[in-house]
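Engineer: Chains as they are written, first to last, in the working numbering: chain A, 39 to 148; chain B, 39 to 148. Think of the CB as a built atom: it goes at the ideal place given N, C-alpha and C, for glycine as much as any other residue. Before I ask anything, here is the structure I am working with.
There are 2 protein chains.
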Amino acid sequence: MLNYNVSLDFIFHALADPARRIIVERLSQGPASVSELAKPLAMSLPAVVQHLQVLEASGLVRSEKVGRVRTCRIEPAVLSTAEQWISERRTSWEHHLDKLGDYLAEHPDE
Amino acid sequence: MLNYNVSLDFIFHALADPARRIIVERLSQGPASVSELAKPLAMSLPAVVQHLQVLEASGLVRSEKVGRVRTCRIEPAVLSTAEQWISERRTSWEHHLDKLGDYLAEHPDE
């Protein structure tokens with residue numbers, strides 16, 4: 039439970055930055071090298087590497103170096119962890135609305 | 039597009055804190071007063087209010103004061119905005135995998 043929460047801290051923190059979301063967006067279309075990821079971002083390569091470190095710490099991205107090229111790829115299971123947390127809250131809210139609707143239908147005068 | 043991105047910054051930042059996720063979790067079961075929200079949290083009321091301000095700034099929570107009681111409720115559309123962003127990235131990744139699978143099926147010797 040604790041690990042689960044800690045990882046959500048890191049995942050949502052990683053997604054809270056627009057540059058990091060651009061990286062995730064690019065990687066959702068397939069693996070890419072660090073220099074490919076840097077291309078659309080108006081920042082230095084070290085700044086891109088720092089964003090990648092935040093993404094790797096969250097588990098959203100992993101990378102491996104072959105020769106001189108570091109290739110990054112997305113970890114879809116980690117993306118799903120965040121999606122599922124939100125989806126469960128939304129479902130819980132819809133369930134609350136359903137119960138409220140039932141109550142109002144049974145007590146039309148209130 | 040800019041507004042959309044800025045709001046995702048605030049939404050994901052709001053969700054990156056465990057106390058704020060506990061608040062969202064509670065509110066997904068129905069509206070609650072500030073003191074009800076504070077009960078399960080091991081922190082001062084001003085600290086809870088600060089977390090609520092972050093949640094309100096993101097649009098995830100809205101509140102209204104009637105008499106002496108401030109009641110908070112969740113904004114499900116804002117929750118969906120974040121869910122949709124993640125879901126689109128996951129779908130994009132699955133589409134990439136499908137294309138890769140098709141390619142490999144057509145080129146079995148590679």
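Can you tell me which of the three DSSP states B/Glu113 falls into?
Structural biologist: Reduced to three states, the DSSP call for B/Glu113 is coil.
Engineer: Please confirm whether A/Asp140 has its beta-carbon closer than 8 Å to some beta-carbon of chain B.
Structural biologist: Chain B contact via Cβ: absent.
Engineer: Work out the CA separation of B/Pro114 and B/Arg100 for me, nearest whole Å.
Structural biologist: If I take the Cα positions, the gap works out to 11 Å.
Engineer: Helix, strand or coil: how does DSSP classify A/His51 here?
Structural biologist: If DSSP states are grouped into helix, strand and coil, A/His51 belongs with the helices.
Engineer: If we cut at 8 Å on Cβ distances, does A/Ala143 have a partner in chain B?
Structural biologist: Not closer than 8 Å to any Cβ of chain B, the Cβ of A/Ala143 fails to qualify, so no.
Engineer: If you drop the 5 nearest sequence neighbours on each side, which residues of the same chain put their C-beta closer than 7 Å to that of A/Leu79?
Structural biologist: Ala57, Ile60, Val86.
Engineer: Which residues of the region 62 to 80 of chain A have a Cβ closer than 7 Å to any Cβ of chain B? Give them in chain order.
Structural biologist: For the region 62 to 80 of chain A, which is checked against every Cβ of chain B, the residues closer than 7 Å are Val62, Glu63, Ser66, Gln67, Gly68.
Engineer: From B/Ser45 to B/Ser96, what distance separates their C-alpha atoms?
Structural biologist: Roughly 7 Å separates the two Cα atoms.
Engineer: Over what stretch of residues does the alpha helix (DSSP H) that includes B/Arg58 continue unbroken?
Structural biologist: Element bounds for B/Arg58: 56 to 65.
Engineer: Could one say the Cβ of B/Ala95 lies closer than 8 Å to chain A's Cβ atoms, at least one of them?
Structural biologist: No, B/Ala95 does not count as interfacial toward chain A.
Engineer: Return helix, strand or coil for A/Ser96, following the three-state DSSP convention.
Structural biologist: In this structure, A/Ser96 counts as helix in the three-state DSSP scheme.
Engineer: Distance, Cα to Cα, A/Gly139 vs A/Glu132?
Structural biologist: Straight-line Cα distance between these residues: approximately 10 Å.
Engineer: Against chain B, does A/Ser118 count as a neighbour if the rule is that its beta carbon must be under 8 Å from one of theirs?
Structural biologist: Judged by the 8 Å Cβ criterion, A/Ser118 is in contact with chain B.
Engineer: Taking the alpha-carbon of B/Trp123 as reference, which of A/Leu93, A/Arg127, A/Ser118 has the nearest alpha-carbon?
Structural biologist: Residue A/Ser118 is the option with its Cα nearest to B/Trp123.
Engineer: When DSSP builds the beta bridges, which residues end up paired with A/Glu102?
Structural biologist: Answer by DSSP bridge pairing, in chain order: A/Thr109.
Engineer: Here's a check: name, in chain order, each residue in its chain whose Cβ is nearer than 8 Å to the Cβ of B/Arg108, leaving out the five neighbours to either side.
Structural biologist: So the qualifying residues of the chain are Ser71, Val72, Ser101, Glu102.
Engineer: Could you check how far apart the C-beta atoms of A/Ala54 and B/Ala54 are, in whole angstroms? I think they sit under 8 Å.
Structural biologist: The pair is a contact, with the Cβ atoms about 6 Å apart (cut-off 8 Å).
Engineer: Suppose you measure from the CA of B/Lys137 to the CA of A/Ser125; what does that come to, to the nearest Å?
Structural biologist: When rounded, the distance between both Cα atoms is 27 Å.
Engineer: Can you tell me whether A/Ser118 is helix, strand or coil according to DSSP?
Structural biologist: Here A/Ser118 sits in helix by DSSP.
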